[in-house]
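Colleague: One structure, as C-alpha cells, below. Some questions next.
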C-alpha cells in the first residue's frame, strides 16, 4: 500500500469512527432515557414519538360520570367479559402487579353495560412518582379510554405497530420520562402510560399488546 493510499484509508476510517460517535451521542443524549429515539423503522413497523414540549397546546377534557348502577367485578370476570386475559402481556421485570386482585367498577343499565373502563397498574414501590417506575394499562371496549388532558396538535404523527395504528407521545418533564401509547386492537381501546420506564421496555409492552 502506498503512503498516499494509507493516508486516505486513515481519513476514511476516522470519518466512519466520528460518524459512529455522532450516532452514539444522538441516541444517548437524552438524560431521562438512554434508549430513547424519536423515530425508527423495523420489520414493517413505523414508529414516531410525538414529543410534548412546553409550547404544546393542551386542554382539559370533560369526563362525564358513568351512568347506571355500579357493580364490582373481579379480574377473572373482567377477562371473561373481554374474552381475553387483559393482564397477559409483557411487564418489565422490576415492576409488580398492584391491583389484579382488586375489584373493577362496571356500570349497568339493566343487563346493558354502560361503562366498562378498567385499569391495571404496576410499579416498583407500590406508588407512582416521577422517579419510581410505574406502568398503567387502561382499556375499554370499542374506543380508546377518554383522558382528562388532550393535546391539540395538527402535526401528530401516527405509528404502525404490528399492523395497528398507534399514537405515541413522549414527555421528559422534571428529569424523568413519560411515554404514552393509544390504540385499538381487536375492538378494544388501550391507553398505556409509563413513567421512569425505558423506551425499550415500554415498546416491549406495546408489541405484546398489539401482537
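In my numbering, the protein residues as written are 140 to 350. Glycine included, C-beta positions come from ideal geometry on N, C-alpha and C.
Rounded to whole angstroms, what's the CA-CA distance from residue 301 to residue 346? Just pull it up for me.
Modeller: 7 Å
Colleague: Between which two residues does the beta strand (DSSP E) carrying residue 330 extend?
Modeller: Run containing residue 330: 327-334, per the beta strand (DSSP E) assignment.
Colleague: Can you grab the Cα-Cα spacing for the pair residue 161 / residue 174, in whole Å?
Modeller: Caution is warranted here: a pLDDT of 31 is assigned to residue 161, below 50, making its placement in the model unreliable, and the coordinate value is therefore given only provisionally. C-alpha separation (whole angstroms): 15 Å.
Colleague: Helix, strand or coil: how does DSSP classify residue 312 here?
Modeller: helix
Colleague: Inspect the CB distances between the stretch 210-225 and the stretch 242-262 and report whether three or more fall short of 8 Å.
Modeller: yes
Colleague: Cα-Cα, which of 304, 248, 311 is closest to residue 324?
Modeller: 304
Colleague: Looking at the structure shown, is residue 305 part of a helix, part of a strand, or coil, going by DSSP?
Modeller: strand
Colleague: Would the stretch 273-280 count as touching the stretch 331-338 if we require 3 or more Cβ pairs under 8 Å?
Modeller: yes
Colleague: Nearest to residue 211 by alpha carbon, out of 171, 246, 230?
Modeller: 246
Colleague: Compare the beta carbon distance of residue 311 and residue 319 with 9 Å and say whether it is the shorter of the two.
Modeller: no
Colleague: Where does residue 296 fall in DSSP's three states?
Modeller: coil
Colleague: Check residue 189 in the structure and name its three-state DSSP category.
Modeller: strand
Colleague: If I measure Cβ to Cβ from residue 337 and keep anything under 6 Å in the same chain, skipping five residues before and after, which residues do I get?
Modeller: 172, 174
Colleague: Nearest by alpha-carbon distance to residue 299: which of 217, 322, 327, 340 is it?
Modeller: 322
Colleague: Return the residue from the list 281, 214, 283, 296 that minimises the CA-CA distance to residue 179.
Modeller: For the residues 281, 214, 283, 296, the minimum Cα distance to residue 179 belongs to 296.
Colleague: DSSP on residue 237, reduced to helix/strand/coil?
Modeller: In this structure, residue 237 counts as coil in the three-state DSSP scheme.
Colleague: Please determine, among 244, 249, 231, the residue with the shortest C-alpha to C-alpha distance to residue 205.
Modeller: 244
Colleague: If I measure Cβ to Cβ from residue 317 and keep anything under 6 Å in the same chain, skipping five residues before and after, which residues do I get?
Modeller: 310, 334
Colleague: Below 8 Å on the Cβ atoms is my contact criterion, and I expect residue 263 with residue 234 to pass it. Report the Cβ-Cβ distance as a whole number of Å.
Modeller: 6 Å
Colleague: Just to confirm, are residue 208 and residue 248 a CB contact at a threshold of 9 Å?
Modeller: Contact flag set, yes.
Colleague: Given a cut-off of 9 Å, decide if residue 280 and residue 326 are closer than it, judged by their beta-carbon atoms.
Modeller: The answer is yes: Cβ separation under 9 Å.
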